[in-house]
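Novice: Okay, so the sequence shown: first residue is 1 according to full-length UniProt numbering, each after it adds one. We put the CB at the ideal spot given by N, CA and C, even for glycine. Computed from a prediction, not measured in an experiment: that's the story for all the values here. Right, I'll just put the structure down here and ask away after.
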Amino acid sequence: MVPGVDDLPSWLLTQTAAQAGRLVAAEFAAEGARGYHYRLLRSLIDEGPASQADLGRRTGIHFSDVVASLNELTTGGWIARTPDPADRRRNVVTITPTGLHRAEVLATRAAAVQDHLLAPLSQEERAAFVATLTKLLHHLRPHESEE
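Quick look at the structure:
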């Protein structure tokens, strides 16, 4: 028997991801932010200053979207771009003290979305779900787990 669309894991993942994306976008929009902002700020916190190109590679954000998002973050005073002393043609991006606070605010918003999204699951089910998603992602993007 051929399974219905509703029984296909790929369809369920796609539909859930679309709903999750809408929830995140709405929560961040309430702060005047976008998901790219949080990803870029977290990368700067977790991995330190970087060039715009390195930030794109680290976050998986397309370069044109990195530049647009960094422009927005610069306007907000959440990051600073300064010429790289080793190569004046490129900029080094750093997070500012207000950017650290901004990241905390967005982290709180992201946590609220996770709680809403995963509300039907127990803590054990949430942990198992995240572990399963992580395993699938590493399977589908094996080159990233080697970096």
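Flag this pair as touching only if the stretch 97-112 and the stretch 77-88 have three or more C-beta atom pairs under 8 Å; answer yes or no.
Specialist: yes
Novice: For asparagine 91, which beta-bridge partners are listed by DSSP?
Specialist: Pro83
Novice: Return no unless some Cβ of chain B is closer than 8 Å to the Cβ of aspartate 84.
Specialist: Among the chains in the structure shown there is no chain B, since it carries only a single protein chain.
Novice: Using only alpha-carbon positions, find the residue among Leu106, Asp87 and Arg89 that is nearest to histidine 37.
Specialist: If we check each option's Cα against that of histidine 37, Leu106 comes out closest.
Novice: Terminal residues of the continuous alpha helix (DSSP H) containing isoleucine 45?
Specialist: 35-47
Novice: In chain order, what residues of the same chain lie with their CB nearer than 8 Å to the CB of glutamate 31, ignoring the 5 residues before and after it?
Specialist: Val105, Leu106 and Arg109
Novice: Can you check DSSP and say which residues form a bridge with proline 50?
Specialist: The question names proline, but residue 50 is alanine in the sequence shown. Beta-bridge pairing links alanine 50 to Val93.
Novice: Mapping DSSP to helix, strand and coil, what is glutamate 27?
Specialist: helix
Novice: Is the stretch 36-56 touching the stretch 78-96, taking contact as three or more C-beta pairs under 8 Å?
Specialist: A contact exists between the stretch 36-56 and the stretch 78-96.
Novice: Given this structure, state the Cα-to-Cα distance separating glutamine 123 from phenylalanine 129, to the nearest angstrom.
Specialist: 10 Å
Novice: Please say whether leucine 40 and serine 64 have beta carbons closer to each other than 8 Å?
Specialist: No, Cβ-Cβ distance for serine 64 and leucine 40 is not below 8 Å.
Novice: Using DSSP with H/G/I as helix, E/B as strand and the rest coil, what is arginine 141?
Specialist: coil
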